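Okay, so here's the structure we're looking at.
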């Protein structure tokens, strides 16, 4: 194929998809974010990939918070080290949720555990809620 033919095919493929602002939908009290690439026309959950935006705290969230509270800084990797996985599951009483397909626990229970384990660090940082703690561990370096 020549360059012109390839360009024509690429532009026709690009017209099939439009990239717009992200749309959100709520199902069963959980918030979902539609994927960036939406087929032209109406956005439909059946044809679009959806993912949970924020629901229950996961194993990865807990590891990032613990890593930050121990003074090790921001944890950039996308997986929990195998050596720490079983310890965190037992220590924070995480249960596997079939619906979410991940280990999780309630925010209130985890907040109480973090307050017991790291009271000085949480007081020094003036953190008042689990959401603020998660934000600092994930986004503040």
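Residue numbers (the numbering used here): 361 to 501. Don't be surprised by glycine CBs; every beta carbon is placed ideally from N, CA and C. Model, not experiment: these values are computed from the prediction.
Rounded separation between residue i and residue j - CA only
{"i": "residue 448", "j": "residue 488", "result": "23 Å"}
{"i": "residue 433", "j": "residue 458", "result": "32 Å"}
{"i": "residue 438", "j": "residue 484", "result": "28 Å"}
{"i": "residue 453", "j": "residue 430", "result": "20 Å"}
{"i": "residue 496", "j": "residue 478", "result": "15 Å"}
{"i": "residue 500", "j": "residue 482", "result": "15 Å"}
Element boundaries [alpha helix (DSSP H), containing residue i]
{"i": "residue 423", "result": "419–429"}
{"i": "residue 490", "result": "490–499"}
{"i": "residue 487", "result": "Run containing residue 487: none; DSSP gives neither H nor E here."}
Inter-residue CB distance, residue i and residue j (contact presumed, cutoff 8 Å)
{"i": "residue 422", "j": "residue 470", "result": "7 Å"}
{"i": "residue 462", "j": "residue 418", "result": "5 Å"}
Residue span of the beta strand (DSSP E) that contains residue i, given as start and end
{"i": "residue 445", "result": "Careful: residue 445 lies outside any beta strand (DSSP E), inside the alpha helix (DSSP H) at 442–451."}
Proximity winner among the options, relative to residue i (alpha-carbon distances)
{"i": "residue 416", "options": "476, 468, 496 and 481", "result": "468"}
{"i": "residue 425", "options": "480, 486 and 474", "result": "474"}
{"i": "residue 476", "options": "451, 491 and 436", "result": "451"}
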